[in-house]
Amino acid sequence: MELDRNVTELNRNVIGLNRNVMELNRNITEQNGIGPERNRTELDRNGTESVRNGTELDRNETELDRNETELNRNVMELDRNVMELNRNISELNWNAMELDRNLTELNRNLLELNRNIT
Numbered sequence: 001m002e003l004d005r006n007v008t009e010l011n012r013n014v015i016g017l018n019r020n021v022m023e024l025n026r027n028i029t030e031q032n033g034i035g036p037e038r039n040r041t042e043l044d045r046n047g048t049e050s051v052r053n054g055t056e057l058d059r060n061e062t063e064l065d066r067n068e069t070e071l072n073r074n075v076m077e078l079d080r081n082v083m084e085l086n087r088n089i090s091e092l093n094w095n096a097m098e099l100d101r102n103l104t105e106l107n108r109n110l111l112e113l114n115r116n117i118t
């Protein structure tokens with residue numbers, strides 16, 4: 001769960017970074033005194049960074065999907081274990097009741113034996 005929250009937060013940060021890159025591109029385009037060639041180079045560099053950020057976002061979403069799949073598998077396994085535990089507890093309770101009946105019968109037999117001896 002903590003990993004999922006971290007990946008989600010990282011994705012939010014990457015999206016925010018992409019917004020910042022787009023804002024930077026707008027600012028660069030609006031600046032005076034910078035030649036168009038330098039402007040294009042800066043825009044290209046920022047575009048490349050934006051693509052890298054998008055790739056990272058895709059990777060993070062894939063990791064999040066894998067984590068969710070693993071979490072679902074773990075939850076199903078936990079459910080199976082809980083059902084098995086409940087079955088074992090029921091069997092243990094049944095055995096305890098049977099033992100109680102057997103001990104009660106043994107006590108009756110011992111009492112009768114005592115009466116017969118005395």
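Counting from 1, position 80 in the sequence shown corresponds to residue 80 in UniProt numbering; the numbering is continuous, with no gaps. All C-beta atoms in this analysis are idealised placements derived from N, C-alpha and C, irrespective of residue type, glycine included. Every value quoted in this text rests on a predicted model; they were computed, and no experiment measured them.
Cβ neighbours of residue i in the same chain (closer than 6 Å, five flanking residues each side left out)
{"i": "V14", "result": "N53, E56, L57"}
{"i": "L17", "result": "N53"}
{"i": "R66", "result": "none"}
Rounded Cβ spacing between residue i and residue j (contact assumed at less than 8 Å)
{"i": "E42", "j": "I28", "result": "5 Å"}
{"i": "residue 120", "j": "N11", "result": "Nothing can be reported for residue 120: it is not among the residues displayed for the chain, which extend from 1 to 118."}
{"i": "E70", "j": "V7", "result": "About 13 Å separates the two Cβ atoms, so there is no contact after all."}
Proximity test, Cβ basis, 7 Å: residue i and chain D
{"i": "R115", "result": "Protein chains in the displayed structure number just one, and chain D is not present."}
Beta-carbon contacts of residue i that lie in its chain and below 8 Å, excluding the five residues immediately before and after
{"i": "D100", "result": "none"}
{"i": "M1", "result": "L71"}
Same chain only: Cβ atoms within 7 Å of residue i, ignoring 5 sequence neighbours per side
{"i": "N46", "result": "V21, L24, N25"}
{"i": "S90", "result": "none"}
*Indicate whether the contact test is met: 3 or more Cβ pairs, each with one atom in the region 9-26 and one in the region 37-51, closer than 8 Å.*
yes
*Just list the beta strand (DSSP E) runs in the region 40-113, keeping only unbroken ones of 3 residues or longer that don't cross its boundaries, in chain order.*
none
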